[in-house]
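Colleague: Sequence lines, in order, name chains W and S. Using the working numbering, you'd call the opening residue of the first sequence number 13 and step up by one each time. Using the working numbering, you'd call the opening residue of the second sequence number 9 and step up by one each time. First the structure, which I've put down as structure tokens, then a few questions once you've had a look.
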Amino acid sequence: MKGALLLLSALLAAVPASGQAASGRSKHVVATLVPETTAVAPGQVLTVALRLEMEPEWHTYWQNPGDSGLPTKIRWTLPEGFEAGPILWPVPARIEVGPLVSYGYDGEAWLLSELRVPATAAPGSSVTLEAKVDWLECKEQCLPGKAQLALTLPVAAQAAPDAARAAPFARARERLPRPTTGWKGEALAGAQAIALSISEAPGAATPVHFFPLASELVEYAVPQEVTSAGSGFRVVMARNPNGGALPATLDGVVTTADGRGFTVSVPLREGAADAVAPPKPPAPAAPPAGTGPSLPVALGFAFVGGLLLNLMPCVLPVLSLKVLAFVKHGGGEGGALRHGLAFAAGVLVFFWALAGALLALRAGGEQIGWGFQLQSPPFVAFLASLFTLLSLNMFGVFEVGESLSSVAGRAPRHGLAGSFWGGALATLTATPCTAPFMGSALGFALAQPATVNFAVFTALGAGMATPYLALSASPRLLALMPKPGRWMETFKQLMGFVLLGTVVFLAWLFGRQTGIDGVAALLLALVLVAMAAWAYGRGTASEASGRGRVLALGSAALLLCAGLALGMSQPQRATANAAAPAAGGLAWEPWSPERLAELRAAGRPVFVDFTADWCLTCQVNERVALASPEVAARFQAEGVALLKADWTLRDERITRALAEYGRQGVPVYVLYGRDASKPHRLLPEILDAGTILKALDETL
Amino acid sequence: MKRSAFLAALVAVVLTAPAHAAAVVGQPAPEFTLTDSTGKPHSLSSFKGKFVVLEWNNFDCPFVVKHYGSGNMQKLQNTYTAKGVVWLTVNSSAAGKQGHLQPAEVAGKLAERKAAPSAYLLDADGKAGKAYGAKTTPHMYVIDPKGTLVYAGAIDDKPSTDIADVAGARNHVAAALDEALAGKPVSVASSTPYGCSVKY
Chain W
13 MKGALLLLSA
23 LLAAVPASGQ
33 AASGRSKHVV
43 ATLVPETTAV
53 APGQVLTVAL
63 RLEMEPEWHT
73 YWQNPGDSGL
83 PTKIRWTLPE
93 GFEAGPILWP
103 VPARIEVGPL
113 VSYGYDGEAW
123 LLSELRVPAT
133 AAPGSSVTLE
143 AKVDWLECKE
153 QCLPGKAQLA
163 LTLPVAAQAA
173 PDAARAAPFA
183 RARERLPRPT
193 TGWKGEALAG
203 AQAIALSISE
213 APGAATPVHF
223 FPLASELVEY
233 AVPQEVTSAG
243 SGFRVVMARN
253 PNGGALPATL
263 DGVVTTADGR
273 GFTVSVPLRE
283 GAADAVAPPK
293 PPAPAAPPAG
303 TGPSLPVALG
313 FAFVGGLLLN
323 LMPCVLPVLS
333 LKVLAFVKHG
343 GGEGGALRHG
353 LAFAAGVLVF
363 FWALAGALLA
373 LRAGGEQIGW
383 GFQLQSPPFV
393 AFLASLFTLL
403 SLNMFGVFEV
413 GESLSSVAGR
423 APRHGLAGSF
433 WGGALATLTA
443 TPCTAPFMGS
453 ALGFALAQPA
463 TVNFAVFTAL
473 GAGMATPYLA
483 LSASPRLLAL
493 MPKPGRWMET
503 FKQLMGFVLL
513 GTVVFLAWLF
523 GRQTGIDGVA
533 ALLLALVLVA
543 MAAWAYGRGT
553 ASEASGRGRV
563 LALGSAALLL
573 CAGLALGMSQ
583 PQRATANAAA
593 PAAGGLAWEP
603 WSPERLAELR
613 AAGRPVFVDF
623 TADWCLTCQV
633 NERVALASPE
643 VAARFQAEGV
653 ALLKADWTLR
663 DERITRALAE
673 YGRQGVPVYV
683 LYGRDASKPH
693 RLLPEILDAG
703 TILKALDETL
Chain S
9 MKRSAFLAAL
19 VAVVLTAPAH
29 AAAVVGQPAP
39 EFTLTDSTGK
49 PHSLSSFKGK
59 FVVLEWNNFD
69 CPFVVKHYGS
79 GNMQKLQNTY
89 TAKGVVWLTV
99 NSSAAGKQGH
109 LQPAEVAGKL
119 AERKAAPSAY
129 LLDADGKAGK
139 AYGAKTTPHM
149 YVIDPKGTLV
159 YAGAIDDKPS
169 TDIADVAGAR
179 NHVAAALDEA
189 LAGKPVSVAS
199 STPYGCSVKY
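Next up, the structure:
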């Protein structure tokens, strides 16, 4: 449909007419020469736009195309005495293609050129301006595009501006980087990084990105560290190790949050090798005072959260069996309390390990936040396999020698170690539940210093270990538990089904991350894992013969490896943050910093929904609050632009944006009013229609 | 035991995070082992003592089409393999992406284009490509007999898809090889690669 329209417009435009725009097209781009005035006047300057209209998702490139691509070229053939200036490039956008980053345009780009008309041009005659235009158009794939365009314009004593074109030309000029005569600054190149420091930047809003002109100076895909400092700002970029000799100046365009761009040209010199540290993820912004809970409150919440974790479908089965074993044996060697403490230690050590791994990765420059464990399809596949195995264990398909959940009548062989690992396993099985239920709380904790972080994780672990610890410490509490009996076996098997329910959630999530083929592969992998469990069970059965045992155990190992390998090797979709299906009749657009800046610059109110499929709070909010008829009607009536940032898979830009709002997890809801100078407003993590309507009343 | 294995697997999964890396001119070229279209493994270290050229390839990319359509790439391959240079063409297109080839398809593609690399290496998971920081097709690297990277960048100095541009261009790869083979330092040791993005 779009293609047909483009073709139609190209055909219409191809009809030659004096003073009219001239068009040509490639497969995905329509190129049109648009003169600003309907005639040319001797001795004056005529501005001509090359308008590139790109199909959705196709783009063309800036003068420095970044990691790949080619800048658009115009070669003019002009009458005697005419001179064409260079392309005046509008502010580009950052275009991510897999792990690479290009600089260019999507939608529609106006590349302006200024043509000097000689004083000798004779009024009454006409001139033909010819342009050979070459560009590269890319979506994922690239195609060269070219057009030969010709404009014929009359020469008149006065060139009357074309009223119909005044607005688009004004918009095109608005998109050009602004001159920055009042700016002061310099740039320093270290061994691994280049730092641009502007000490005074009058007139600029919050800087967002620096687009360098030199092609091999920086690594485009490494996130830039942009910080406001006094009346200026600082941008640290990773230096390209193959960049060659350093130019004398650092030239480029810096973009700001209001969607404008500013020309930068400052002296660039080599600094000491370690003068400039390479960019790291931005230091998590301290949440504004008064908006976050105080430390004791946060610890209290974490403790209660840990207590509640015991009731989550991922943890309850594992934990309740542990308790059942306890009921049966009344402890084991070393007394009940020691087991309780070993279990608590297992929980805590594992929580610390998880928090430590997360902090270490973040310190190492990874852009991740809480919930990162569910952003990795291999880990989701691993968890699904683990839960399948546990449920089969509960059905009695196989027994593990030192089974933590053994209620078969034997005392655990390695009593204390068994309890410790029991705690660790309970924590591991809790990981899928912490993200959906507690993502926002933990995300908040992660924005704090490391010590606070560990305190919060410790409180969470303590909360989780408390019920078990209490049972082990108090014989009277234990006496309240039902007496051992056949019901325990029934209960155990029932809990196996609860675990299978968790597998369904993980498979759904995996499907959102990889697609329907991925789910099929995962289910096949789970069948292999289940077969492995069954073979293991057959092999360890007391009636198995020696040879049969070896065969069964060998095939169990093989099947387990094959299953895990299959499940964990599924490729993920390119990105989750694509156009989301309309929910509740509302049209959500995929979020990007550029789109947000654009809408803000246009004075549109914007509502941003930072969400993820694995975040249950987000799902509930979207279905209950955001999709409610009153909210939808209000959004529409006020013309609120709706942006959805989908964090189901890792997305560094979203992680960085979350950090800018002082958060490290989803959900986050941000409302921007019409007035671009007013600050944004963060909505609570648990939304209802009333809260949104009230926020709209107060902000718009 | 079983539970320790779970833990080990968890830690392994959590810690496998991609690292940003690139090959740096003047430094040892990153080691890799890739299998060719016949399933034979090739390691960079096994070519110690020889010059090695790495050519990032995607036959469906118009920039690659330019250099194969003009016969430019084949000429380089023939000229320098005759001088004992090992020419490795690497394909980092991921499964399902443009230019991805199954091992069985490679021989036909090479014959169709009369390409003559020493080996055509498949890097569908992009590991080697990312280790080198390969950004475009083509993206060219020259490694000396000691394993040091002596050239990284574009094939020539005319970034375009126009076959007519091949004739007048300075071929950076040929120049680097000629200089290095003659024992001279490489005068242009890096340049901005141009082409389609590598389809990781």
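Backbone N, C-alpha and C define an ideal beta-carbon position, used for all residues, glycine too.
1) Could you give the DSSP three-state label for W:ALA595: helix, strand or coil?
2) On the three-state DSSP scale, how would you describe W:ALA365?
3) At the 9 angstroms Cβ level, is S:LYS135 part of the contact set with chain W, yes or no?
4) So who's on the other strand from W:LYS144, going by DSSP bridges?
5) Would you check if the distance between the CB atom of S:SER199 and the CB atom of S:LYS143 is smaller than 9 angstroms?
6) Give every residue of the same chain whose Cβ lies closer than 8 angstroms to the Cβ of W:GLY651, excluding the five residues on either side of it in the sequence, and list them in chain order.
7) Give the secondary structure of W:GLN75 by DSSP, where H, G and I count as helix, E and B as strand, and everything else as coil.
8) I'd like the list of long-range same chain contacts for W:PHE509, defined as Cβ closer than 8 angstroms, with 5 residues on each side in sequence excluded.
9) I need the DSSP call for W:PRO617, collapsed to helix, strand or coil.
10) Measure how close the beta-carbons of W:GLY317 and W:GLY475 come, nearest whole angstrom, since I'm counting them as under 8 angstroms.
11) Whole angstroms is fine: what's the gap from W:PHE362's alpha carbon to W:ILE666's?
12) Pairs of beta-carbons, one from the segment 506–522 of chain W and one from the segment 327–335 of chain W, closer than 8 angstroms: are there three or more?
13) Exposed or buried, what is W:CYS573 when buried is set at 16 or more other beta-carbons lying within 10 Å of its beta-carbon?
14) Measuring CA to CA, which of W:ALA169, W:GLY271, W:VAL41 is closest to W:ALA159?
15) Quickly, what does DSSP pair S:ASN99 with across the bridge? List them, please.
16) To the nearest angstrom, report how far apart W:ALA396 and W:TRP626 are at their CA atoms.
17) With distances taken between CB atoms, is the gap from S:LEU157 to S:GLY57 smaller than 9 angstroms?
18) I need the DSSP call for W:SER486, collapsed to helix, strand or coil.
19) In angstroms, rounded to a whole number, what distance separates the CA positions of S:TYR202 and W:ASN252?
20) Helix, strand or coil for W:LEU511 per DSSP?
21) Helix or strand or just coil, what does DSSP make of S:LYS154?
22) So, is W:ASP621 buried or exposed, given that buried needs 16 or more other C-beta atoms within 10 angstroms?
23) Which residues mark the beginning and the end of the alpha helix (DSSP H) in which W:LEU395 is found?
24) Give me the subset of the segment 109–130 of chain S whose CB atoms are less than 8 angstroms from a CB atom of chain W, sorted by chain position.
25) Against chain S, does W:GLU212 count as a neighbour if the rule is that its beta carbon must be under 9 angstroms from one of theirs?
26) Just checking, does the segment 203–212 of chain W make contact with the segment 84–94 of chain W on the three C-beta pairs under 8 angstroms criterion?
27) Are the Cβ atoms of W:ARG401 and W:PHE384 separated by less than 9 angstroms?
28) Got a sec: is the Cβ-Cβ distance from W:GLN153 to anything in chain S below 9 angstroms?
29) Suppose contacts are defined by Cβ-Cβ distances below 9 angstroms. Is W:THR439 in contact with W:GLY473 by that definition?
30) Near W:ALA131, which residues of its chain fall below 6 angstroms by C-beta distance, leaving aside the five closest residues on each side in sequence?
31) Over the uninterrupted alpha helix (DSSP H) stretch that includes W:PHE315, give me the two end residues.
32) For S:ALA182, report the span of its alpha helix (DSSP H) as first-last.
33) Give the residues of chain W in contact with S:TYR149, contact being defined as C-beta atoms less than 7 angstroms apart.
34) Roughly how many whole angstroms lie between the Cα atoms of W:VAL531 and S:THR43?
35) Hey, out of S:LYS122, S:VAL196, S:SER45, whose CA is closest to S:ALA160's CA?
36) Under 7 angstroms Cβ to Cβ from S:LEU84, same chain only, skipping five residues before and after it: list those, please.
Modeller: In brief:
1) The residue you call residue 595 of chain W lines up with position 583 of the first sequence. Low confidence applies to W:ALA595: its pLDDT is 48, below 50, so where it sits in the model is not reliable, and the reading given next is rough at best. W:ALA595: strand per DSSP, three-state reduction.
2) As a working note, residue 365 of chain W is residue 353 in the first sequence. The three-state reading of DSSP puts W:ALA365 in helix, counting H, G and I together.
3) Position 127 of the second sequence, counted from the start, is the residue given in the question as residue 135 of chain S. By the rule that beta-carbons nearer than 9 angstroms mark a contact, S:LYS135 does not touch chain W.
4) Indexing the first sequence from 1 puts residue 144 of chain W at position 132. Per DSSP, the beta bridge partners of W:LYS144 are W:ARG87, W:GLN160.
5) The sequence position of residue 199 of chain S within the second sequence is 191, counting from 1. The sequence position of residue 143 of chain S within the second sequence is 135, counting from 1. S:SER199 places its beta carbon 9 angstroms or farther from that of S:LYS143.
6) What you label residue 651 of chain W is simply residue 639 of the first sequence in a count that begins at 1. Cβ neighbours of W:GLY651 beyond the five flanking positions: ARG616, PRO617.
7) Mapped onto the first sequence, residue 75 of chain W falls at position 63. In this structure, DSSP gives W:GLN75 an extended state, which the three-state scheme calls strand.
8) Position 497 of the first sequence, counted from the start, is the residue given in the question as residue 509 of chain W. Here the set comprises SER403.
9) Residue 617 of chain W sits at position 605 when you count from the first residue of the first sequence. Reduced to three states, the DSSP call for W:PRO617 is coil.
10) One-based indexing of the first sequence puts residue 317 of chain W at position 305. One-based indexing of the first sequence puts residue 475 of chain W at position 463. At roughly 6 angstroms, the Cβ-Cβ gap stays under 8 angstroms, so W:GLY317 and W:GLY475 are in contact.
11) By one-based count along the first sequence, residue 362 of chain W stands at place 350. By one-based count along the first sequence, residue 666 of chain W stands at place 654. So the two alpha carbons sit approximately 28 angstroms from each other.
12) Between the segment 506–522 of chain W and the segment 327–335 of chain W there are three or more C-beta pairs closer than 8 angstroms, enough to call the two in contact.
13) For this step, residue 573 of chain W is matched to residue 561 along the first sequence. With fewer than 16 other CB atoms across the displayed protein chains lying within 10 angstroms of its CB, W:CYS573 is exposed.
14) Along the first sequence, one-based indexing puts residue 159 of chain W at 147. When each option's Cα is compared against that of W:ALA159, the closest is W:VAL41.
15) In the second sequence, counting from the first residue as 1, residue 99 of chain S sits at position 91. In DSSP, S:ASN99 forms a bridge with S:LEU130.
16) One-based indexing of the first sequence puts residue 396 of chain W at position 384. One-based indexing of the first sequence puts residue 626 of chain W at position 614. For W:ALA396 and W:TRP626, the distance between alpha carbons rounds to 14 angstroms.
17) Here residue 157 of chain S refers to the residue found at position 149 when the second sequence is read from its first residue. Here residue 57 of chain S refers to the residue found at position 49 when the second sequence is read from its first residue. Not a contact, by the Cβ cut-off of 9 angstroms.
18) Position 474 of the first sequence, counting from 1, holds the residue named residue 486 of chain W. The answer is coil: DSSP assigns W:SER486 none of H, G, I, E or B.
19) Sequence index remark: in the second sequence, residue 202 of chain S carries index 194 (1-based). Sequence index remark: in the first sequence, residue 252 of chain W carries index 240 (1-based). Taking the CA atoms as reference points, S:TYR202 sits about 15 angstroms from W:ASN252.
20) Taking the first residue of the first sequence as position 1, residue 511 of chain W is located at position 499. Under the three-state reduction of DSSP output, W:LEU511 falls in the helix class.
21) Indexing the second sequence from 1 puts residue 154 of chain S at position 146. When secondary structure is reduced to three states using DSSP, S:LYS154 falls in the coil class, being assigned neither helix nor strand.
22) Along the first sequence, read from residue 1 onward, the residue named residue 621 of chain W stands at position 609. W:ASP621 is buried by the Cβ-count criterion.
23) By one-based count along the first sequence, residue 395 of chain W stands at place 383. Taken as a continuous stretch (DSSP letters only), the alpha helix (DSSP H) holding W:LEU395 covers 389–407.
24) So the list is empty, because no residue satisfies the distance condition.
25) Sequence index remark: in the first sequence, residue 212 of chain W carries index 200 (1-based). Nearest CB-CB separation between W:GLU212 and chain S: not below the 9 angstroms threshold.
26) The segment 203–212 of chain W vs the segment 84–94 of chain W: no contact.
27) In the first sequence, the residue the question calls residue 401 of chain W occupies position 389. In the first sequence, the residue the question calls residue 384 of chain W occupies position 372. A small correction: the amino acid at residue 401 of chain W is Leu; Arg does not occupy that position in the sequence shown. No. Outside cutoff.
28) Sequence index remark: in the first sequence, residue 153 of chain W carries index 141 (1-based). At a cut-off of 9 angstroms, the C-beta of W:GLN153 has a neighbouring C-beta in chain S.
29) Taking the first residue of the first sequence as 1, we reach residue 439 of chain W at position 427. Taking the first residue of the first sequence as 1, we reach residue 473 of chain W at position 461. Going by C-beta atoms, W:THR439 is nearer than 9 angstroms to W:GLY473.
30) The residue given as residue 131 of chain W occupies position 119 in the first sequence. Cβ within range, chain order: PRO54, GLY55.
31) Locating residue 315 of chain W in the first sequence gives position 303, where the first residue counts as 1. Looking at the DSSP string, the run of the alpha helix (DSSP H) that includes W:PHE315 is 307–321.
32) As a position in the second sequence, residue 182 of chain S is number 174, starting the count at 1. Annotation for S:ALA182: the continuous alpha helix (DSSP H) segment containing it runs 180–189.
33) Stepping through the second sequence from its first residue, residue 149 of chain S is reached at position 141. Within chain W, no residue comes near S:TYR149; the closest Cβ sits about 10 angstroms away, beyond 7 angstroms.
34) As a first step, residue 531 of chain W must be located in the first sequence, where it is residue number 519. As a first step, residue 43 of chain S must be located in the second sequence, where it is residue number 35. A direct Cα-to-Cα measurement between W:VAL531 and S:THR43 gives close to 29 angstroms.
35) For the purposes of this step, residue 160 of chain S is taken as the residue at position 152 of the second sequence. For the residues S:LYS122, S:VAL196, S:SER45, the minimum Cα distance to S:ALA160 belongs to S:VAL196.
36) Here residue 84 of chain S corresponds to residue number 76 of the second sequence, with the count starting at 1. Once the five neighbours on either side are set aside, the close Cβ partners of S:LEU84 are VAL181, ALA182.
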